[in-house]
Amino acid sequence: MYTYDYPRPAVTADCVIVSEDAQGCRRLLLVRRAGEPFKGCWALPGGFMEMDETLEECARRELKEETGLETAERFEELRSFSAVDRDPRGRTITVAFLAVVPMAEVKGSDDAAEACWFALDELPQLAFDHQEIVRVALDRLSNE
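Take a look at the structure:
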């Protein structure tokens with residue numbers, strides 16, 4: 118295995134999953150983190166990319182592992198987020214994906230203690246830089 122002379126960042130994928138309830142209210146899917154950092158805090162479903170998968174495969178895998186949800190066909194790359202201090206575990210770059218899906222039952226599993234739909238006007242404080250990721254995603258949706 119080749120080793121690099123210089124440090125390399127970790128790569129993650131995060132999922133912004135939006136749905137609409139029976140009353141026409143848009144909702145965002147969040148997970149409560151089971152482990153550190155930000156244990157007990159709400160966050161977007163997501164996680165670290167494996168060496169044998171693409172970013173999209175990573176995002177879909179993490180979403181299914183953490184919530185049981187499989188995404189719709191429209192699952193698009195939103196943007197990368199690379200602030201130096203975005204993850205207290207070390208230098209981590211994330212690529213966020215956006216999907217609008219039908220409302221479905223979700224359940225926290227794997228490293229998510231809980232999964233839940235939140236009304237957009239009742240979002241809790243989010244871990245990492247996920248507030249910014251959600252803002253960018255909602256801006257994209259409002260411009261469609």
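Heads up, this note's numbering is the position in the sequence shown plus 117, with the first residue counted as 1. All residues carry an ideal CB built from backbone N, CA and C; glycine is no exception.
Between Leu237, Ala254 and Cys132, which lies nearest to Ala189 when the distance is taken from Cα to Cα?
-> Cys132
For this session: May I ask you to report which of helix, strand or coil DSSP gives Thr184?
Result: helix
### CA-to-CA distance, Ala160 to Leu243, given in whole angstroms
5 Å
key: Residue from Phe165, Gly164 and Leu147 with nearest C-alpha to Cys94   = Nothing in the structure corresponds to residue 94, since the chain is present only between 118 and 261.
Let me make sure I understand the geometry here. Which of Arg203, Val135 and Gln140 has the alpha-carbon closest to that of Thr129?
Arg203
Rounded C-beta distance between Ala200 and Phe165? I'm assuming under 8 Å. Not a contact, Cβ separation roughly 17 Å.
Which word fits Ser136, buried or exposed, when buried means at least 16 other C-beta atoms lie within 10 angstroms of its C-beta? buried
In whole angstroms, give me the CA-to-CA distance for Cys207 and Asp246.
Per the sequence shown, the amino acid found at residue 207 is Gly instead of Cys. Near 14 Å, if we compare the C-alpha coordinates of Asp246 and Gly207.
message = So within the stretch 131-177, which uninterrupted beta strand (DSSP E) runs reach at least 3 residues, ignoring any that extend past its ends?
response = 143-150 and 163-165
**Prompt:** Ends of the alpha helix (DSSP H) at Val212?
**Reply:** Run containing Val212: none in the alpha helix (DSSP H); it sits in the beta strand (DSSP E), Thr209 to Val217.
### Query
DSSP three-state call for Glu179: helix, strand or coil?
helix
For the pair the stretch 248-258 and the stretch 176-189, tell me if three or more CB-CB distances fall below 8 Å. no
When the distance is taken between beta carbons, is Arg143 closer than 8 Å to Leu237? yes
Helix, strand or coil: how does DSSP classify Ser259 here? helix
Query raised in the report: Three-state secondary structure (DSSP) at Arg252?
Result: helix
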